[in-house]
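Under the working numbering, the first residue of the sequence shown carries the number 1293, and numbering increases by one thereafter.
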Amino acid sequence: MPPDPRALVLDLSRLERRPGSMLTVQTTVPAPAGLGLALASVPEGSPIELDLRLESVMEGVLVSGIAEVEVHAECSRCLDPVHWNEDVELRELFAYAPTDARGRPVDTEDSEDPLPQVFDDTIDLEPVVRDAVVLGLPLAPVCDDECRGLCPTCGDRLDDEHGHEIVDPRWAARGGLSLEGAPAGGPPVIDSSTQDTSTDERRRD
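Set out below in structure tokens:
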């Protein structure tokens, strides 16, 4: 079952609109889908622990606090799975819908950077949580700072005991050659007794 799409929508009916009024919210909600990056993300439906303070100000409602999320990642060096909990700081102003002198709503579509708004005494925290979590996740997570990654030759994880026999490329093609009196793969041994002696015989003639 997918998470409730309104799980991160908070009710403000208990918060007075008088500047200085405050409301504390501590709750657990399921994480929405697609919360994260390629190598690190928050699983859909996993718990998000919210510890928030909502404060009424002249312009709207100021939200501040912490969202604790469970991060599942893949080490960018060795590709092993990595899990940890991350505390993400939240701070956002939700503006009251602007009105004219008669209290009627005013269109604000022309605003270059509109603030999120209070709508029917509710605020939607999902965009705020999403932005904060994504910005806080590492682009290249690692399982350990000392992780050496994978061997480029065999693909196994590198460790202190990992290694490969280094063969001189000049003798690599002769690896299967075995001559009497010489080790396989080594240089041939020339027996002086088998050398051509015709030149010496001609000289004696």
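Backbone N, C-alpha and C fix where the C-beta goes; we use that ideal spot for every residue, glycine too.
Supposed contact pair V1317 and V1425 - C-beta distance, whole angstroms, cut 8 Å: No, V1425 and V1317 are not in contact; Cβ-Cβ is about 18 Å, not under 8 Å.
Using CA atoms only, rank isn't needed, just tell me which of R1422, D1413, H1454, L1331 is closest to V1353. The residue with the shortest Cα to Cα distance from V1353 is D1413.
Suppose you measure from the CA of V1420 to the CA of L1382; what does that come to, to the nearest Å? 7 Å
Let me know if S1348 comes out buried or exposed under the rule of 16 or more other beta-carbons within 10 Å of its beta-carbon. buried
Could you give the distance in angstroms between the alpha-carbon of V1434 and the alpha-carbon of C1446? Inter-residue distance for V1434 and C1446 is about 21 Å (C-alpha atoms, whole angstroms).
Per DSSP, what kind of secondary structure is A1424 in: helix, strand or coil? helix
Could you check if L1307 is buried or exposed, using at least 16 other CB atoms within 10 Å of its CB as the buried criterion? buried
Note down the Cα distance separating T1320 from C1370, rounded to an integer number of angstroms. So the two alpha carbons sit approximately 33 Å from each other.
Going by alpha carbons, who is nearest to A1379 out of E1341, A1387, P1406? The sequence given here places Asp at residue 1379; Ala does not occur at that position. Of the listed residues, the one whose Cα sits closest to D1379 is E1341.
At which residues does the beta strand (DSSP E) containing P1322 begin and terminate? 1314 to 1322
Would a C-beta distance cut-off of 7 Å place A1389 and L1407 closer than the cut-off? no
Quick one: give me the first and last residue of the beta strand (DSSP E) that H1375 is part of. 1373 to 1388
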